[in-house]
Every structure is written in structure tokens, then in C-alpha cells.
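Structure record follows, encoded as C-alpha cells.
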Amino acid sequence: MSQYSYMTPGGYEKLKSELEHLKTKGRAEAAAAIAEARDKGDLSENAEYDAAKNAQGYLEAKINDLEKHFANARVLDASQLDNSEVRVLSSVTIKNTKVKREMTYTLVSGAEADLKLKKISVDSPMGKGLLGKKVGEIAEVSTPNGVMQFEIIKIEIG
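The sequence shown begins at 122 in my numbering and counts up one residue at a time.
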């Protein structure tokens, strides 16, 4: 991962907490599950042992991914950002030009994206289509149903 991952201070702290939890409690739980399965006898025919080892492998892979993410993370200070165009941390109000419906989304890193909270990744098709646009411009977003157009109504730093 050579590209920086820009994050909010809150998102950074949340992921840092998740990583710490996985390294401490997650690893301890995985080790306990392996030890418990090992106590049940012959390891060559012990499906519970295999499952516990696989779970440990997934845990270590997730820890590794989070560590790589943090190595390239840059925390952004919202007070230092410009709202003349759509950027990371922009809260942008857009209007679908076809159905005339307005929506507001905040562009964040992929790790912080949460559609329920109206936070979309800058790496998503919608995020890529909105980046760099200014108020009044039209963003074209490729979707499985074709290209959709959104007018930029308002940009705030979110």
C-alpha cells in the first residue's frame, strides 16, 4: 500500500482501539480456543483444532492489514482544509439530476466508510466521481445501471 490513507482523528482512534483489542484479547481468545481444542485428543482428526487454527490465521491477517493501514495513515485536521472543492472530509450535498433528490454524504477513507452514517469512501465509485468537483459542477458516477449525474449543491468540511 503506497498510497496514504487520510483519516479523521475519531476514525484513527477507533481503528487504533480495534487493533489493540485484536492484539490483546483477540490473540488471547484464539490461543485459549486452540489450547481447548488440543486437549480433546488426536489433532489429525480434530476439526475443532483446525477451526481454531484457521480463526487464528484470520485474526493475524486482520492485525497485519490494520498495521499496514496505520503505517500509511495520515490524520487530517478539519480546520486546515479548504471547502472550495470536494476533498477527503468534505460533507457534500448533491442532487441527482434525473430524480431531483438531494443527499448529503461525507467523504472519508475506506476504513471509516459507513453508509448508515452517510460516510462514503473516497475510493468508491461515488467518492471518485465527487472528488475535485466544485459547487455547481456535475459529477458523473458509473454504476451497474449506467452513468448517473449529480450536481454539487454545497460543500462543507465535515
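Beta carbons: idealized from backbone N, C-alpha and C, even for Gly.
Predicted model, so just to flag it, every value in this text is computed and none were measured.
| request: Could you check what DSSP says for GLN270 in three-state terms: helix, strand or coil? | output: strand
| request: Can you check DSSP and say which residues form a bridge with VAL196? | output: MET128
| Are the CB atoms of LEU236 and ILE184 nearer to each other than 8 angstroms? | no
| query | In terms of residue numbering, what span does the alpha helix (DSSP H) encompassing LEU251 cover? | reply | 246 to 251
| Under 8 angstroms between the Cβ atoms of THR214 and GLU223? | yes
| request: Could you name the residues of the same chain whose beta carbon sits closer than 6 angstroms to that of SER211, not counting the 5 residues immediately before and after it, in chain order? | output: LEU228 and ILE276
| query | Name the DSSP beta bridge partners of LEU228, please? | reply | ILE241
| task | Go ahead and pull the three-state DSSP assignment for VAL216. | result | The sequence shown places Lys at residue 216, rather than the Val named in the question. The answer is strand: DSSP assigns LYS216 an E or B state.
| said: Quick check on this structure: which residue in ALA234, LYS161, GLN124 and THR264 has the alpha carbon closest to the alpha carbon of ASN193? | reply: GLN124
| task | Label TYR179 either buried or exposed according to how many other C-beta atoms from any shown protein chain fall within 10 Å of its C-beta, with 16 as the threshold for buried. | result | exposed
| message | Suppose you measure from the CA of GLY284 to the CA of ARG195; what does that come to, to the nearest Å? | response | Absent from the structure is residue 284, since the part of the chain shown begins at 122 and ends at 279.
| field | Environment of ALA151 [buried if 16+ CB atoms lie within 10 Å] | value | buried
| task | Figure out for me which residue from GLU157, GLU233 and ASP160 has the closest Cα to the Cα of HIS190. | result | GLU233
| Three-way DSSP call (helix, strand, coil) for ASP186 in this model | helix
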